[in-house]
Structure formats: C-alpha cells, structure tokens
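Data block below; observations after.
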Amino acid sequence: MWIRLSAGLLFILGGMFCGFNMADKLKQGVVFCTEAEKLLNICESEIRSNNSDVYSIVRRLKKENINMRISFERLPECYSPEVDFHQQWNSSFRSISGIDADELDIMLSLGSMLGTTDTEGQLKGISHIRAKVEQLYRKRQSEYDKKGRLYRSIGVLSGAAVGVMII
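In terms of the UniProt record's numbering, the sequence shown opens at residue 1 and continues consecutively.
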C-alpha cells in the first residue's frame with residue numbers, strides 16, 4: 001500500500017514538474033524580450049549620448065547585467081584586423097542553445113546594423129528592431145498568459161490522474 005501511495009505521489013509531483021517546466025519555457029521567451037529591450041536601450045543611449053562605436057558599446061554591455069544566455073566576454077573590446085566584430089557577434093548568438101528563430105533574427109539584425117552606418121542610421125535601425133521586439137513581446141506575453149496557466153494545471157491534473165490510477 002505504501003509503495004502505491006509513494007508511486008502515486010511521485011506521479012503527481014512529476015506531472016506538476018512537467019507542467020511548471022513547460023510554463024517556465026514560455027516565461028523565458030518573455031524574459032528574453034525584456035532583456036533585449038534593455039540591450040537596445042543601452043545601445044541607443046551609448047550611440048545617442050556618446051556617439052560610441054561598437055567597441056565602446058561592448059565594453060558597456062560587459063559591465064551591465066543582461067540575462068540573455070550569452071557571454072559578452074567573447075566580443076572584442078577594441079579594433080583588431082584579425083577579429084571581425086560582426087562575425088563574433090553572430091557566432092556568440094548562434095552558439096546559444098534553445099534560442100528561437102525570431103529571437104536570433106532580432107539579435108543578428110542588431111549585430112549587423114551596429115557600427116555600419118552613421119548615428120542617425122543606427123538609431124533608426126534600433127528603432128526598427130525595437131518595434132520587432134515589442135511585437136514579439138506582445139505575442140510571447142499573450143502566449144504565456146494563455147498557455148502558462150494551462151500547462152501548470154494540466155501538469156498537476158495529469159499527474160494526479162495517473163497517481164489516482166496507481167493508488
């Protein structure tokens with residue numbers, strides 16, 4: 001009897017864990033958008049106020065606490081003819097496991113735009129990317145609001161159903 005009860009409780013906890021894990025994956029999409037917005041704000045302020053180049057922006061990003069599953073430490077801080085900044089940027093974001101195609105597109109377009117035009121061109125590019133991030137944020141937030149609660153509930157209920165069948 002105790003074995004069945006223990007197994008039932010384990011299935012309930014397992015289902016609950018799966019549901020919460022799936023909801024957390026949806027939440028990570030929302031967090032990515034807020035962190036991307038923070039990244040865009042930093043880039044915009046560096047370009048607008050200091051007319052900074054990409055290397056100054058990288059130095060600032062290394063000081064900030066941006067949670068994007070990427071290490072800005074691999075990006076160069078000063079110009080070197082052997083190292084291509086845009087290639088380093090692309091490889092840094094492509095190496096992230098589990099990044100969505102929309103997220104990757106946004107980050108790669110930012111990296112390809114930084115340092116390639118004058119100040120106004122970069123600010124317009126950031127504004128365009130910001131609009132894409134806001135659109136993705138609304139989509140992800142709506143998805144999380146609808147499906148997050150559903151995943152948590154279904155996880156608990158399916159675990160409870162299997163647990164009751166075992167007991």
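Yeah, the Cβ is synthetic: ideal placement off N, Cα and C, and Gly gets one too.
For S153, the three-state DSSP class (helix, strand or coil): The residue you call residue 153 lines up with position 153 of the sequence shown. S153: helix per DSSP, three-state reduction.
Where does S6 fall in DSSP's three states? Position 6 of the sequence shown, counted from the first residue, corresponds to residue 6. Reduced to three states, the DSSP call for S6 is helix.
Buried or exposed: which applies to Y144, given that a residue is buried once 16 or more other Cβ atoms fall within 10 Å of its Cβ? Stepping through the sequence shown from its first residue, residue 144 is reached at position 144. Buried, because 16 or more other Cβ atoms sit within 10 Å of the Cβ of Y144.
Start-to-end residues for the alpha helix (DSSP H) that takes in S92: Counting from one through the sequence shown, the residue named residue 92 turns up at place 92. Start and end: 85-94.
With C-beta atoms as the reference, is L40 less than 8 Å away from R130? As a position in the sequence shown, residue 40 is number 40, starting the count at 1. As a position in the sequence shown, residue 130 is number 130, starting the count at 1. Yes. Within cutoff.
Is the beta carbon of S153 less than 8 Å from the beta carbon of G15? Taking the first residue of the sequence shown as 1, we reach residue 153 at position 153. Taking the first residue of the sequence shown as 1, we reach residue 15 at position 15. Not closer than 8 Å, so no.
Which stretch, first to last residue, makes up the alpha helix (DSSP H) that contains D53? Translated into positions along the sequence shown, residue 53 becomes position 53. Run containing D53: none; DSSP gives neither H nor E here.
Can you find at least 3 beta carbon pairs, one from the segment 105-116 and one from the segment 75-89, that sit closer than 8 Å? yes
Hey, could you find the ends of the alpha helix (DSSP H) D102 is sitting in? To locate residue 102, count along the sequence shown from 1; it is residue 102. Where D102 is concerned, the enclosing alpha helix (DSSP H) stretches over 101-113.
Could you tell me how far apart the beta carbons of T119 and N51 are, in whole angstroms, since I believe they sit closer than 8 Å? Residue mapping note: residue 119 aligns to position 119 of the sequence shown, counting from 1. Residue mapping note: residue 51 aligns to position 51 of the sequence shown, counting from 1. A Cβ-Cβ distance of about 6 Å is found for the pair T119 and N51, placing them in contact under the 8 Å criterion.
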